[in-house]
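Count along the sequence shown from 1, add 2, and you get the number used in my numbering. Everything on this sheet refers to the single structure shown next.
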Amino acid sequence: MEKLENRHISDSGLAKVRWVRRLALGMLLAAVPVALLLFRVSEIVRLPLFFLMIPYGFVCLSAVLCFALMPCPRCEKRFYAGAWGVNPVAKKCQHCGLDIHKDRH
Ligand SMILES: [Zn+2]
3 MEKLENRHIS DSGLAKVRWV RRLALGMLLA AVPVALLLFR VSEIVRLPLF FLMIPYGFVC
63 LSAVLCFALM PCPRCEKRFY AGAWGVNPVA KKCQHCGLDI HKDRH
């Protein structure tokens, strides 16, 4: 019974690990379209683009920090950060080797 509870926690933890990666990469990929959109807005409201990009920069930085510091559900060390830095395409925990799609098998 305890094993099933641990598996449930691990499964929701892996879903969270995947979600944080998608969020961080999505925020980074959206930076150029958001900058183009805010450039048009900056012309309308007559504010420098820099001031309009500050909130997006904070949100983007927060997402990237959450991604880099995301703990592994099994070993509780940073899932994507290993000895060589953060690996954004890692499919396994950089410390214990937990597969990111283990709950889908
Ligand atoms: Zn781990």
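Each residue gets a CB set at the ideal place from its N, CA and C atoms; glycine is no exception.
According to the DSSP secondary-structure assignment, residue 73 is paired through a beta bridge with 80. In this structure, the beta-carbon distance from residue 22 to residue 68 falls below 8 Å. In the DSSP annotation of this structure, the continuous segment of the alpha helix (DSSP H) that includes residue 42 starts and ends at 33 to 47. Assignment of residue 28 by DSSP, reduced to helix, strand and coil, places it in the helix class.
Here residue 100 really is in contact with residue 74; their C-beta atoms are around 6 Å apart, less than 8 Å. Taking the Cβ atoms as the reference, residue 66 lies roughly 5 Å from residue 26, within the contact range of under 8 Å. By a beta-carbon distance limit of 8 Å, residue 70 contacts residue 88. Their separation comes to about 5 Å. The Cβ atoms of residue 93 and residue 16 do not sit closer than 8 Å to each other. Distance from the CA of residue 85 to the CA of residue 14, rounded to the nearest whole angstrom, comes to 26 Å. Look at residue 94 here: in three-state DSSP terms it is strand.
Around the CB of residue 81, 16 or more other CB atoms lie within 10 Å, so the residue is classed as buried.
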